[in-house]
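Below: one structure, written as structure tokens.
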Amino acid sequence: MKEQELIIGLQNGEEPAFTELVTLFQDRVYNTALGFLQNSADAEDAAQEVFIQVYRSIHAFKSNSTLSTWIYRITVTKCLDHLRSKRGKSDLGFNSFV
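The numbering used here runs 40 ahead of the 1-based position in the sequence shown.
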């Protein structure tokens, strides 16, 4: 399936299109997340969140970039959010003992 056909299928809510999306991008998304998060469980969680975000936001995809670039950006953002959240929790834990 070509990229534009995949995008249209996703925008139409077609399950086979979503299945293909996950098949095509799951390794790249997971490996990118693992590189940022350095923890396989966190990377799996982030990858799942990425695909949920893609599903919810596909109508906002403008085709100004490739689908893979858009998904990569979502992945990086999710990872950075996770790291910020984790850092904030550790900061809270540290402050409570001071």
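Glycine included, C-beta positions come from ideal geometry on N, C-alpha and C.
Is the beta carbon of residue j closer than 7 Å to that of residue i?
i: C119; j: A81; result: no
i: V116; j: F91; result: no
i: L26; j: I111; result: With the chain covering 41 to 138 only, the question about residue 26 has no answer from this structure.
i: A87; j: V69; result: yes
i: L107; j: E43; result: yes
So what's residue i in DSSP terms, helix, strand or just coil?
i: Y112; result: helix
i: E84; result: helix
i: N71; result: helix
i: Q78; result: coil
i: G128; result: helix
i: F91; result: helix
i: E54; result: coil
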